[in-house]
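Residues 1 to 286 in full-length UniProt numbering are what the sequence shown lists, from first letter to last.
Have a look at the structure below before the remarks.
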Amino acid sequence: MSEHCGSTSQSDCKLEGRLHELAEQDQQYRPRWGQINSRLAQLKNEYEALMREKNALVEEQGSIRVKVHERNEEYRRTQQAIAALTGARDSDSTRQNGLETAAAPPHGLPTVAKAPNPAMATTSSRIRPTEEVETIIIESDEEEEGEGDEALISVGTASRQLFKPVDAIHGRFPTVVNINGQWHEIRCKGCGANIKSKTSTWFKGLRGLRFHYTRCHLPRGSFAPTAETCCIMRPVSASDIGLMEQGLAPRDVAIEACYAPKMLSESRQETRQASSSVRPSYSEVH
């Protein structure tokens, strides 16, 4: 009986010792537990502050996005207004120039004489009225004068069809034309020009450049050439097309001015003056 009591007391002592060890371990972990709880509370507060800051930034970003959209719309409308004003000015200038040209034909236009002219008698079948010749020259509106009656008379009905204008992309860019469904910048294949030297104005599309090429780089009596024959054609990028349709300058490739050589028109004027000085008087013809 005494032995049983002794073994029971030993077991109790062991259990009490274990409880004491656990209590000591609890005391060791308790400070760290408190540190962890404090840090978690701190992180929670920081997270809530960050979320409030994030929401404020998102709201500010949305406000800025709305303002940027409104600015872009205003910029686009301003560009369109500028393009419209520029196009209107160009149209008025073109219309005014056309009226002035119609009122005062270029110097040196040949006129049909009232008295018979032996020099023109052999080509009477090809002679057309003076008014029709004037119309062709005014439509072409180039700086080069006619080289003589034969050059003007040789422009027949079939050739006149080639002078029909090809629509330019905008009034500011008459040398950017639509050829076979593609926009091209065109220049003279003979001299690389895109501006008339006498008037310092752009060639009026494919029609004007054909007239210049025929007058300056082809023998007299030749018919107007095709676009591939008389033009250097550079395709225009889609982005530049969008800008030039609004009358704005291109960004990818700028259109550089290249004047036609002055010697072409000057030599023709000298030749015309010399020929007019030796032309016989109609009063002598009987």
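Every residue gets a Cβ at the ideal spot worked out from N, C-alpha and C, and that includes glycine.
Please read these numbers as outputs of a predicted model, since none were measured by experiment.
With the cut-off set at 8 Å, would you say residue i and residue j are in Cβ contact?
{"i": "I195", "j": "A257", "result": "yes"}
{"i": "E185", "j": "T175", "result": "yes"}
{"i": "S197", "j": "P261", "result": "yes"}
{"i": "C188", "j": "C230", "result": "yes"}
{"i": "A238", "j": "I179", "result": "no"}
{"i": "A94", "j": "R172", "result": "Per the sequence presented here, residue 94 reads as Thr, with Ala not at that position. No, the Cβ-Cβ distance between T94 and R172 is not below 8 Å."}
Expressed to the nearest angstrom, what Euclidean distance is found between the alpha-carbon atoms of residue i and residue j?
{"i": "V66", "j": "K54", "result": "19 Å"}
{"i": "A254", "j": "P219", "result": "33 Å"}
{"i": "E21", "j": "Q28", "result": "11 Å"}
{"i": "T78", "j": "V58", "result": "30 Å"}
{"i": "D240", "j": "N97", "result": "28 Å"}
{"i": "Q182", "j": "P235", "result": "7 Å"}
{"i": "G208", "j": "T214", "result": "10 Å"}
{"i": "E16", "j": "D26", "result": "15 Å"}
{"i": "Q42", "j": "S9", "result": "50 Å"}
{"i": "Q61", "j": "R52", "result": "14 Å"}
{"i": "R210", "j": "N72", "result": "42 Å"}
{"i": "M244", "j": "A88", "result": "15 Å"}
{"i": "C13", "j": "G34", "result": "32 Å"}
{"i": "R30", "j": "R39", "result": "14 Å"}
{"i": "K44", "j": "S11", "result": "48 Å"}
{"i": "R32", "j": "E46", "result": "21 Å"}
{"i": "A23", "j": "A56", "result": "49 Å"}
{"i": "V68", "j": "A49", "result": "29 Å"}
{"i": "F203", "j": "F223", "result": "19 Å"}
{"i": "T199", "j": "E74", "result": "38 Å"}
Closest by CA to residue i, which one among the options?
{"i": "P225", "options": "L57, H212, Q79", "result": "H212"}
{"i": "G242", "options": "A88, R76, D92", "result": "R76"}
{"i": "M233", "options": "R30, F223, A193, M244", "result": "A193"}
Excluding the five sequence neighbours on either side, which residues of its own chain have a C-beta within less than 7 Å of the C-beta of residue i, listed in chain order?
{"i": "N37", "result": "none"}
{"i": "D252", "result": "S237, S239, D240"}
{"i": "D90", "result": "G171, R172"}
{"i": "S63", "result": "none"}
{"i": "Y259", "result": "A193, I195, S197"}
Compute the beta-carbon to beta-carbon distance between residue i and residue j, rounded to the nearest angstrom, for a pair I have assumed lies under 8 Å.
{"i": "A83", "j": "G247", "result": "4 Å"}
{"i": "V177", "j": "G205", "result": "5 Å"}
Once the 5 residues before and after residue i are set aside, which same chain residues still bring their CB inside 6 Å of it?
{"i": "A119", "result": "Its pLDDT being 45, under 50, A119 is placed unreliably in this model, and the coordinates cannot settle the point."}
Going by beta carbon distance, what residues of the same chain come within less than 8 Å of residue i, once the five residues before and after it are set aside?
{"i": "R18", "result": "none"}
{"i": "D92", "result": "none"}
{"i": "E70", "result": "none"}
Just to confirm, does residue i get its C-beta within under 7 Å of one of the non-hydrogen atoms of the ligand FMN?
{"i": "Q27", "result": "In terms of ligand content, the structure shown is empty, and the ligand FMN therefore cannot be addressed."}
I'd like to know whether the C-beta of residue i is nearer than 8 Å to at least one C-beta of chain D.
{"i": "A168", "result": "The chain labelled as chain D is not found in the depicted structure, where only one protein chain is given."}
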